[in-house]
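In numbering that gives the first Met the number 0, the protein residues as written are 0 to 377. So the structure is just underneath, and the comments pick up after that.
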Amino acid sequence: MNLTAKRKMCITICLVIATCLLAAFPVTGSGTPENEGAKVKIGYVCKIKTMDWFLNEEQGIKDFCAMNDDCEYIGGIDADMDMEVFIAGVEELITKGANALALVVPNPVIGPTISKIAYSSNVKMVTIDDRFQDGDGKYIPHIGMDGVQAGQIAGENAVKYMQENGFDKADDGSVHIYSMAIDQLPACKDRNDGFEEVIKENLKNWNWERDYTRLDYGTGSAAVENAANSAAQVMQANPDVKVWIVYGCDDSSAVGATIAMKERNISTDSISIPQNGSSPVITEWEKGNPYIKFSITQYAWVHGWLGAQKLYNGIVNGEAPELITYSPAIAITPEDAKKMYPDGKVTLGRPADMDKMIENKEAGKYYRLEDVKPDFEY
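Printed below as a string of structure tokens:
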């Protein structure tokens, strides 16, 4: 199946997932009380809210509430990868009146603590991007990417690139596959697992002991710098490698890898594949980065909208939300990105006329994702 066919298939799957969801939830856009009598009051606590991926998730929540009555967006808090700040943010939003929380945790180990706080205040939760369990080992209803599928798409495209250039036949240690992981984060581990599964299935004669590295690069607010330093160490340890095939479980890792490549004048036949395709990658493409030839991406805005939907249906309609809702990933090139984001603003799925739809919405109507017809075709 070619890339275009896979993209269309992924788009179809995403729309089917969205249509089948029965959960719906509204959010206001200002962070100030615009609907004092709202039944649903949503807060968003995020591990790194300043990144445009998460800003678009937040925008999805805001837009859902702006389109639907009986919903207010209380506001968002940036934990900046600090677990104590995250927990304090949950408590702060509940104090402000939130009865529903959309959560992107820096580490799932704080799940039981967060759940205890929310349960004691009768607050509904959904997780986005990164799943976690409560103190009894039960997962919180979740919206996010199918990490394994995203990694598989990256693997398929990596294998195709290697085959087209004859790198799959290298048997002298000159080509090295490097999987940059954060295995402590389940979402990242799934992506690297999917990538590894596909390349091992398709490169039967590869010397995995010599010509393959999977290594956690670390995370935090200096993620790109950490990734660049980690990649530099791996490349330093393999001085005879001429071509690197790198997969990063997020944008920071892949961008960091290209910094290490540039510093060492690595051949531009090398490739660094990011997962997410948000501003760091778009910026690199605008600068002409020759190593990032394509990116694996998804629609963050949709994650936020669907998270709000789940919360709304749980509170207003008393419906038990589906435990997990995955949206598929697609591969995009720099040319695709120019079509998706013609003004340079990375919207990650938000319909171009969303503001107009909010202005012209019908009072009392319940708007689901399919009602606003997000433009996945580009």
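From the three backbone atoms N, C-alpha and C, an ideal C-beta is built for every residue, glycine too.
Item	Value
Looking at the structure shown, is V122 part of a helix, part of a strand, or coil, going by DSSP?	coil
Kindly indicate which residue of F53, W52, I41 and D68 has the alpha-carbon position closest to the one of Q93.	Here the sequence assigns Ile to residue 93, which means Gln is not the residue at that position. Measuring from the Cα of I93, the nearest candidate turns out to be I41.
Please tell me whether P320 and P140 are closer than 8 angstroms, where the distance is taken between their beta carbons.	yes
Give the C-beta separation of N98 and V122 to the nearest angstrom, bearing in mind that I take them to be a contact with Cβ-Cβ under 8 angstroms.	6 angstroms
Is it a yes or a no for the region 151-160 touching the region 195-202, going by three-plus beta-carbon pairs under 8 angstroms?	yes
Of the residues D68, K309 and I291, which one's Cα is nearest the Cα of G317?	K309
Look up N264 in the DSSP assignment and give the residues it is bridged to.	Paired residues: none, contrary to the question.
In terms of alpha-carbon separation, which member of A231, Q183, D170 and I181 lies closest to D210?	D170
If I'm right that Q148 touches P327 with Cβ under 8 angstroms, what's the distance once you round it to whole angstroms?	6 angstroms
Exposed or buried, G313, counting other C-beta atoms within 10 Å across all chains shown (16 or more means buried)?	buried
Any contact of the region 172-179 with the region 106-123, i.e. 3+ C-beta pairs under 8 angstroms?	no
Is it buried or exposed for F24, if we count other Cβ within 10 angstroms and need 16 for buried?	Summary for F24: the model assigns pLDDT 35, below 50, so the residue's position carries little reliability; its value from the coordinates is reported in the next sentence. Per the 10 Å Cβ criterion, buried.
So what's D129 in DSSP terms, helix, strand or just coil?	coil
Provide the residue(s) that pair with N275 in DSSP beta bridges, ordered along the chain.	T296
To the nearest whole angstrom, what separates the beta carbons of I357 and A153, a pair I think is in contact under 8 angstroms?	In fact, because the Cβ distance is near 35 angstroms, the residues do not count as touching under 8 angstroms.
Pairing CB atoms from the region 235-252 with CB atoms from the region 263-271, are three or more of them under 8 angstroms?	yes
So, helix, strand or coil for K355, using DSSP?	helix
Is the beta carbon of V233 sitting closer than 8 angstroms to the one on T212?	yes
Would you report the Cα separation of V301 and P107, rounded to the nearest angstrom?	22 angstroms
Taking the beta carbon of G74 as the centre, do at least 16 other beta carbons fall within 10 Å, making it buried, or is it exposed?	buried
Just how far apart, CA to CA, sit A299 and N201?	30 angstroms
Suppose the cutoff is 7 angstroms on Cβ atoms and the five residues either side in sequence are ignored; what does the same chain contact list for T296 look like?	N275, G276, A328, I329 and I331
Buried or exposed, going by whether 16 or more other CB atoms sit within 10 Å of the CB of W207?	exposed
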